[in-house]
Amino acid sequence: MYQQRTLIALATIARKEAQRYLRIWVQTLLPPAITMALYFVIFGNLIGPRIGTMDGHTYIDFIVPGIIMMAVITNSYSNVVSSFFGAKFQRHVEEILVSPTPNSVILLGYISGGVSRGLLTGLIVTLVSLIFTRLPIHSIPVTVSVVFLTSVLFSLGGFINAVFARKFDDISIVPVFILTPLTYLGGVFYSINLLPDFWRMVSMANPVLYMVNAFRYGFLGASDIDIWLAYGLILIFIAILAGFAMYLLHRGVGLRS
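Sequential numbering of the sequence shown, starting at 22, is according to the working numbering.
Written out as structure tokens, the structure reads:
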């Protein structure tokens, strides 16, 4: 009976999170498709022919996996941070906290919303990319697993940001000052093999670089880094952030007066 109630609670939170962004799909799903289509036009069709090839692939084929990953990261993060902070701001998160719902179910429910939006956005951007190029798939298991794990990781990041946020401005600080620089400097538009040794070493400290390259390997079979190292780092970050998020829920940080 307890397990059934737990599953019902998880399904309820997950369904509520999905309905939240699907109800306003014009604001949540359409803008990323338009924005990424502009990337394909500008960088792929206009600038790409002047650049030629990158790591043996046409430039547009090279950047498509990174652009898809950008959309997944941004939407997974923003969905959870805005949803959970909204629940805090409207104070209905307290109803969940006083209920017998386990903290792990609360966290998993919100993360599922971020993951579903991130993956759906990634699928939409992938379909848009097919207008501009025929994107090969080297390994379906690698492609699917990397995008899923990355979506989970940044959903956790959005949840932690929402826990600490005290006003609406706080939920935009991390995306603007941390997330955006990391994604743009994460090897989306260039190979780190083009960089001088010093800047290549600096780039290796960027965790997004490993996610983008592992995802690119799933499509093109080419990567600037070892994909097993990428898997290891992603799983380590997930474990750390999940443990920290559970600690914050247990302690009621930013949630209890």
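From the three backbone atoms N, C-alpha and C, an ideal C-beta is built for every residue, glycine too. This one's a predicted model, so the numbers in the text were calculated from it and none came from an experiment.
Could you tell me the distance, in whole angstroms, from the CA atom of residue i to the CA atom of residue j?
{"i": "Leu206", "j": "Ser224", "result": "7 Å"}
{"i": "Ala266", "j": "Leu128", "result": "8 Å"}
{"i": "Pro157", "j": "Ala260", "result": "32 Å"}
{"i": "Tyr80", "j": "Val184", "result": "40 Å"}
{"i": "Val136", "j": "Thr74", "result": "33 Å"}
{"i": "Phe210", "j": "Leu230", "result": "11 Å"}
{"i": "Lys109", "j": "Val119", "result": "14 Å"}
{"i": "Val126", "j": "Ile68", "result": "47 Å"}
{"i": "Ser212", "j": "Thr154", "result": "20 Å"}
{"i": "Ile152", "j": "Phe106", "result": "37 Å"}
{"i": "Gly143", "j": "Ser97", "result": "10 Å"}
{"i": "Val195", "j": "Lys188", "result": "13 Å"}
{"i": "Ala251", "j": "Val114", "result": "35 Å"}
{"i": "Ala30", "j": "Pro121", "result": "10 Å"}
{"i": "Ile279", "j": "Ile145", "result": "This structure cannot settle anything about residue 279, because the visible part of the chain is limited to 22 through 278."}
{"i": "Ile45", "j": "Arg36", "result": "15 Å"}
{"i": "Leu59", "j": "Phe83", "result": "16 Å"}
{"i": "Val168", "j": "Leu241", "result": "15 Å"}
{"i": "Ala186", "j": "Tyr238", "result": "36 Å"}
{"i": "Ser150", "j": "Leu141", "result": "14 Å"}
{"i": "Leu28", "j": "Asp218", "result": "51 Å"}
{"i": "Tyr276", "j": "Ile34", "result": "Checking the sequence shown, residue 276 turns out to be Leu, not Tyr. Rounded to whole angstroms, Leu276 to Ile34 spans 18 Å at the Cα level."}
Tell me, to the nearest whole angstrom, how far the beta carbon of residue i is from that of residue j; I am working on the premise that it is less than 8 Å.
{"i": "Gly208", "j": "Asn182", "result": "So it is not a contact: roughly 24 Å between Cβ atoms."}
{"i": "Leu262", "j": "Leu177", "result": "4 Å"}
{"i": "Pro53", "j": "Phe236", "result": "16 Å between Cβ atoms; not a contact."}
{"i": "Ile279", "j": "Val163", "result": "With the chain running from 22 to 278 in the structure shown, residue 279 is simply not present."}
{"i": "Val102", "j": "Ile192", "result": "5 Å"}
Just to confirm the assignment, what range does the alpha helix (DSSP H) spanning residue i have?
{"i": "Ile194", "result": "Asp191 to Val195"}
{"i": "Asn182", "result": "Ile161 to Phe185"}
{"i": "Asn234", "result": "Pro228 to Leu241"}
{"i": "Pro121", "result": "No alpha helix (DSSP H) contains Pro121, which DSSP labels as neither H nor E."}
{"i": "Gly253", "result": "Ile248 to Arg272"}
{"i": "Ile55", "result": "Leu51 to Tyr60"}
{"i": "Phe221", "result": "A small correction: the amino acid at residue 221 is Arg; Phe does not occupy that position in the sequence shown. Start and end: Asp218 to Ser224."}
{"i": "Tyr205", "result": "Thr201 to Tyr205"}
Just list the residues that DSSP pairs residue i with in beta bridges.
{"i": "Met294", "result": "Any property of residue 294 remains undetermined from this structure, which presents the chain solely from 22 to 278."}
So, at 8 Å on beta carbons, what are the nonlocal neighbours of residue i in its own chain, with the 5 sequence-adjacent residues on each side left out?
{"i": "Asn124", "result": "Met267, Leu270 and His271"}
{"i": "Gln214", "result": "Strictly speaking, residue 214 in this sequence is Asn, with Gln absent from that position. Around Asn214: Asp76, Arg221 and Asp245."}
{"i": "Val47", "result": "none"}
{"i": "Gly273", "result": "Leu118"}
{"i": "His78", "result": "Leu241 and Ala243"}
Excluding the five sequence neighbours on either side, which residues of its own chain have a C-beta within less than 7 Å of the C-beta of residue i, listed in chain order?
{"i": "Pro228", "result": "Leu254 and Phe258"}
{"i": "Val171", "result": "Looking at the sequence shown, residue 171 is not Val but Thr. Within the same chain, Thr171 has close Cβ partners Met90, Val93, Ile94, Met232 and Ile255."}
{"i": "Ser104", "result": "Glu38, Arg41, Tyr131 and Gly134"}
{"i": "Pro284", "result": "No answer is possible for residue 284: it lies beyond the span of the chain, which begins at 22 and ends at 278."}
{"i": "Arg138", "result": "Tyr42, Thr49, Asn96, Ser97 and Asn100"}
{"i": "Tyr112", "result": "Checking the sequence, you will find Arg at residue 112 rather than Tyr. Around Arg112: no qualifying Cβ."}
{"i": "Thr204", "result": "Met91, Ile94 and Val229"}
{"i": "Leu216", "result": "Ser224"}
State yes or no: is the C-beta of residue i nearer than 7 Å to some heavy atom of the ligand NAD?
{"i": "Phe61", "result": "The ligand NAD is absent from the structure shown, which contains no ligand whatsoever."}
Suppose the cutoff is 6 Å on Cβ atoms and the five residues either side in sequence are ignored; what does the same chain contact list for residue i look like?
{"i": "Asp190", "result": "none"}
{"i": "Ile88", "result": "Met57 and Tyr60"}
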